[in-house]
Amino acid sequence: MTQRAYNFAAGPAALPESVLEQAQREMMALPGPKASILEISHRSPTFKEIIESAEKNIRTLLGISDDYAVLFLQGGGRLLFSMIPMNLLTKEQPSADYILTGTWGKAAIKEAKKLGSMKVAWDGADDKYTYTPADSDLELNPNAAFAHYTCNETIEGVQFPTEPQTGQVPLVCDASSDFMHKPLSVDRYGMIYACAQKNMGPAGVSIVVVRKDLLERSSDELGSYLNLKLHADEGSLMNTAPTFAIYVVRLVTDWLLNDIGGLEKMYAINQRKAKMLYEVLDQSGGFYEGHARQDSRSLMNVSFRLPSEELTTAFLKQSEAADLTSLAGHRSVGGVRASIYNAVPVAGVEALRDFMIDFRDKHAN
Ligand SMILES: *Cc1c(COP(=O)(O)O)cnc(C)c1O
């Protein structure tokens, strides 16, 4: 069997080894149906138990109350960029606010603008999306249908230390790349959504946590799959659910609960991992230049540059050869990006840290 490398991919991304091993063990047959998860009905009792356990785990890990629905949807983050304004804008409130701290926030407002008059409450473009705003810098519309932000900008590696305050306006959060990396006060949000393939599982499913009263806004005129209220009414089984992806989300959340011991513990590990890499940047004498401002640094995506294109190419080639893989920055920004999601082990980050120190010692003047 091929030896596994330490995988720093941005998404789809690393999964816990114990989760892959369990999926492998169970791949040929699950105990009840004596068939693979890939071969059974989304309406079977076995799958019903899987999707209910996944939801229960998410509720337990985040302490989510009955005021919120938890949904499993297809279409990724992108479809939600459209579905959210489709469902949450109303005749009385036809506009929403968007806080833009990077590439994904821009992609979200681009879709939303096709459906209503969106307002930019803050835009970090002038400073190349290097930091998150203070609440006092936000230009919020008190009559907005919702206020949208991206808690972790995956490409720039810019993360909000805490959620922005939007008063009575429901806060909607794209948490695609840091969902479950730490505990959250869910009751501060109208909606939190995340595609699974960064920090929660494989591609093919998105998780949506939404306050139930907001679902009353969904219009009957929407196409059924676009209607969030219908998904909630049908327990995310309006149509054939992405069974395998939800099964893996269940295993990942089992791992968070039982192996890690909850989100406080996960957060402590994530802080430790991120600190290791940011210390290398800060102590490199300018050899490694981090993209994000210190107070907005992401615990999940560490984006940085080297002094030249040649050194970047050499860094990527040599790290790959050392089994530290998928470290290239996003094609839009270049440089290096180490995605150190929940499932990336401490030992992997230690190996990357040592590689970075060594590379710098060899190549800095
Ligand atoms: C990856 C990502 C998305 C898009 O996800 P898709 O499932 O590919 O549509 C949206 N938002 C953020 C913050 C992401 O990191």
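Numbering of the sequence shown is given in full-length UniProt numbering, commencing with residue 1 and proceeding in unit increments. Every residue, glycine too, gets a C-beta built ideally from N, C-alpha and C.
Where residue i falls: helix, strand or coil (DSSP)
| i | result |
| --- | --- |
| I155 | coil |
| L100 | strand |
| L73 | strand |
| N7 | strand |
| T150 | strand |
| R43 | coil |
| K34 | coil |
| D66 | coil |
Chain D contact for residue i (CB, 7 Å cutoff)
| i | result |
| --- | --- |
| G235 | Protein chain content of the structure displayed is limited to a single chain, and chain D is not contained in it. |
Nearest-angstrom Cα separation, counted from residue j out to residue i
| i | j | result |
| --- | --- | --- |
| Q22 | T2 | 18 Å |
| A121 | M83 | 20 Å |
| residue 387 | I64 | The chain is shown only over 1 to 365; residue 387 falls outside these bounds and no answer can be derived. |
| Q74 | D127 | 34 Å |
| D213 | R4 | 46 Å |
| R25 | S36 | 10 Å |
| Q93 | Y341 | 37 Å |
| L281 | R297 | 12 Å |
| R337 | L277 | 11 Å |
| K91 | A351 | 55 Å |
| S319 | T325 | 7 Å |
| S136 | A96 | 18 Å |
| H148 | K34 | 45 Å |
| N87 | N7 | 37 Å |
Spatially closest choice to residue i from the options, by CA coordinates
| i | options | result |
| --- | --- | --- |
| K362 | G190, F179, R305 and F315 | F315 |
| E39 | E49, M28 and Y189 | M28 |
| L100 | K48, A134, K114 and E289 | A134 |
| R360 | S339, F244 and E289 | E289 |
| I246 | T312, F160 and K48 | K48 |
| G190 | D178, V70, G334 and S206 | V70 |
| I207 | K317, K265, V186 and G77 | G77 |
| V205 | S339, T243 and N227 | T243 |
| A292 | Q159, D67 and N7 | Q159 |
| D123 | L311, L306, A343 and T132 | T132 |
| G116 | T103, K106 and A145 | A145 |
| L62 | T46, G105 and R188 | R188 |
| I269 | A343, T162, S224 and N258 | A343 |
The segment 245 to 264 contacting the segment 184 to 203, beta-carbon criterion three pairs below 8 Å: Verdict: yes, contact present.
Minimum length 3: unbroken beta strand (DSSP E) runs contained in the segment 276 to 341: 301 to 305 and 336 to 339
Inter-stretch contact at 8 Å, needing at least 3 Cβ pairs: the segment 324 to 334 / the segment 150 to 165: When C-beta atoms of the segment 324 to 334 are compared with those of the segment 150 to 165, three or more pairs fall below 8 Å, so the two segments count as touching.
Any 3 or more C-beta pairs closer than 8 Å across the segment 7 to 19 and the segment 204 to 219: no
Segments assigned beta strand (DSSP E), at least 3 residues, entirely inside the segment 155 to 209: 171 to 174 and 191 to 195
Three-pair Cβ contact test at 8 Å for the segment 131 to 149 versus the segment 160 to 169: yes
Inside the segment 216 to 284 only - alpha helix (DSSP H) runs reaching at least 4 residues: Taken in chain order, the complete alpha helix (DSSP H) segments of 4 or more residues contained in the segment 216 to 284 are 228 to 233, 243 to 254 and 263 to 282.
Contact between the segment 176 to 191 and the segment 291 to 306 (3+ Cβ pairs under 8 Å): yes
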